[in-house]
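Inspection log for the structure reproduced underneath, given as structure tokens.
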Amino acid sequence: MNNGKNDFTSLGKKLEELKELFVVGGKIIPGIEKLVDFMTEIGPLLVNINNSIEESNAKIPKATDHIVDVTSATELATTEILDLIDAISSNTFELTHTFNDALSKEGEIKEILTELALLVTDNSEAKELVEKLSEKLVLEKAKAKTTEALDKILMDATNIAIALQVQDITTQQLAAVNHLILSVQKKLSSLMFDFSDDEVKQVDNSKGVVVPEEGNFDMNASFHNQVSSQDDIDKMIIESNNTSQDDIDKLFG
Amino acid sequence: MSLKFLVVDDSITMRRIVANSLKGLGYSELLEAGDGKEAMDVLNANRDITFVITDWNMPNVSGLELVKGIRAHATYNKVPILMVTTRGVKEDIMEALAAKVNNYVVKPFTPAILKEKIEQIMASQ
């Protein structure tokens with residue numbers, strides 16, 4: 040009899056617990072429904088993000104290929120310009136040499152005319168001709184201007200060659216950009232791997248782009264005023280001569 | 003004194019500009035290398051090289067590693083080295099000096115600066 044009473048008490052408790060569970064469930068269900076709605080909405084969005092990442096990832100080799108193409112093209116163009124500068128310099132040297140030869144010959148002609156003038160002092164017509172001929176010798180007068188112009192051509196050619204160092208500097212900047220792009224690609228590939236069960240698609244590297252390793256380029260390379268920069272560096276070197284090895288070691292931790 | 007140069011740079015343009023500048027300064031004897039590794043090979047094959055001009059950032063073996071390699075070498079550890087590089091921050095310069103480069107030129111340079119540094123180095127030898 041007592042056992043039957045206990046069973047009813049226990050059943051009552053269980054029903055009470057079940058009722059509480061229904062109450063809690065009633066409260067939780069709208070939340071779960073909202074979560075399901077959210078997951079339904081976010082699913083296509085995640086697929087879109089994944090597709091977008093995949094698309095961007097696929098474009099990266101093209102971008103790096105373009106950068107490599109630009110680097111090769113500028114190097115080729117720079118080599119051609121340097122060839123022209125060499126030709127200009129060589130021609131200018133030759134011209135200077137030819138002018139100096141002509142100048143030397145003109146000097147000899149002047150000496151001959153001076154001797155001739157002495158021989159024809161009593162022949163006014165011949166004397167006049169010698170004088171006219173002397174007036175035609177103008178190389179000596181043109182020497183200063185010609186030399187100045189030829190020197191300027193050589194100086195300009197040298198300055199153009201110096202300016203072409205920008206090619207090396209931009210190559211290093213482009214290598215730094217390529218390195219950054221490829222780092223982004225690595226990150227994007229890992230994101231794709233996180234989002235998708237599929238294997239990460241291998242990116243087509245048709246041109247076999249060489250990934251620039253850090254250390255092969257200077258990320259901070261810039262074409263600034265060479266004189267002030269070198270002056271600053273010279274000062275640092277002078278200072279470093281007064282710096283102990285301990286001070287240098289401290290700089291590198 | 004007649005000098006025989008080794009110009010080390012991975013950029014063909016830069017090697018040519020340095021070589022042309024040296025020729026303009028009257029130095030006609032020079033060899034070239036595209037990185038530190040190639041430079042060590044050239045040095046080993048040409049023990050009469052008396053001056054090295056090297057870039058820093060290069061593939062395979064960098065200019066700094068080349069400097070350390072030369073300074074650690076029994077035969078040519080005393081060869082004067084001028085570093086010509088885009089790296090112009092103090093830490094880099096101090097690191098190069100600690101590795102025992104004789105002087106340091108930042109790109110872009112002029113033939114006049116190159117001449118000045120070569121003469122300074124040779125005067126201190």
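Protein chains in written order, with my numbering: chain A, 40 to 292; chain B, 3 to 127. No residue lacks a Cβ here, since even glycine has one placed at the ideal position from N, Cα and C.
Only D11, D12, S13, I14, T15, M16, R18, I19, N22, S23 and G26 from the segment 11 to 31 of chain B bring a Cβ to less than 9 Å from some Cβ of chain A.
In the structure shown, M16 of chain B adopts helical secondary structure according to DSSP, grouped into three states. R73 of chain B is outside the set of residues whose beta carbon lies under 7 Å from a beta carbon in chain A. For S268 of chain A, the chain B residues whose C-beta falls within less than 7 Å of its own C-beta are G90 and V108, listed in chain order.
Three or more Cβ pairs drawn from the segment 40 to 56 of chain B and the segment 78 to 88 of chain B lie within less than 8 Å of each other, which places the two stretches in contact. Chain B has no Cβ within less than 7 Å of the Cβ of N130 of chain A.
If you draw a straight line from the Cα of D12 of chain B to the Cα of V44 of chain B, it is about 15 Å long. Under the Cβ criterion (8 Å, minimum of three pairs), the segment 190 to 203 of chain A counts as touching the segment 107 to 125 of chain A. Residue state for L32 of chain B is assigned as strand, using DSSP reduced to three classes. About 16 Å separates the Cβ atoms of Q269 of chain A and I19 of chain B, ruling out a contact at the 8 Å cut-off. Listed in chain order, the non-local C-beta contacts of I99 of chain A below 8 Å within the same chain comprise I220, L221, V223, Q224, L227 and V242, local neighbours out to five positions each way being set aside. Under the Cβ criterion (8 Å, minimum of three pairs), the segment 135 to 148 of chain A counts as touching the segment 165 to 179 of chain A. Taking A200 of chain A as the centre and dropping the five residues before and after it, the same chain places the C-beta of I124 closer than 6 Å to its C-beta, in chain order. Residues of the segment 94 to 124 of chain B that bring their beta carbon within less than 8 Å of a beta carbon in chain A comprise I95, M96, E97, L99, A100, N105, Y106, V107, V108, K109, P110, F111, T112, P113 and I115, in sequence order.
Shown here for I115 of chain B: same chain residues with a beta carbon closer than 7 Å to its own, the five before and five after excluded, namely V107 in chain order. Just so you know, the alpha carbons of D108 of chain A and I208 of chain A end up roughly 16 Å apart.
Scanning its chain for C-beta atoms nearer than 6 Å, with the 5 sequence neighbours on each side dropped, one finds around T210 of chain A the residues T110, in chain order. Around N48 of chain B, the same chain offers K6, L8 and L33 as residues with beta carbons nearer than 8 Å, after the five sequence neighbours per side are excluded. Boundaries of the beta strand (DSSP E) around N105 of chain B: N105 to V108. No residue range can be given for L27 of chain B, since it is assigned to no beta strand (DSSP E) and is classified by DSSP as neither H nor E. Relative to N62 of chain B, the option among B:M42, B:I123, B:T77 and B:A74 whose CA is nearest is B:M42. Where M85 of chain B is concerned, the enclosing beta strand (DSSP E) starts and stops at I83 to T87.
For the 7 Å CB-CB criterion, V169 of chain A and L189 of chain A do not form a contact. Exposure of P69 of chain A is indicated by the presence of fewer than 16 other C-beta atoms within 10 angstroms of its C-beta.
Contact of F77 of chain A with chain B by beta-carbon distance below 7 Å is absent, the smallest such distance being about 50 Å. V54 of chain B: member of the beta strand (DSSP E) spanning F53 to T56, first to last residue. Nearest CB-CB separation between P61 of chain B and chain A: below the 7 Å threshold. At a cut-off of 7 Å, the C-beta of A116 of chain A has no neighbouring C-beta in chain B. Judged by DSSP in its simplified three-state form, L142 of chain A adopts helix. Flagged as an interface residue toward chain B: I201 of chain A, by a C-beta distance shorter than 7 Å. In this structure, N59 of chain B lies near F256 of chain A, with their beta-carbon atoms less than 7 Å apart. Rounded to the nearest whole angstrom, the C-alpha separation of A76 of chain B and Y29 of chain B is 27 Å. Per DSSP, L5 of chain B lies in no alpha helix (DSSP H) and is assigned neither H nor E.
Within its own chain, the residues whose Cβ lies closer than 6 Å to the Cβ of A98 of chain B, once the five positions on either side in sequence are excluded, are M85 and Y106, listed in chain order. Around the CB of T87 of chain B, 16 or more other CB atoms lie within 10 Å, so the residue is classed as buried.
Interface annotation, N255 of chain A: in contact with chain B, CB-CB separation under 7 Å.
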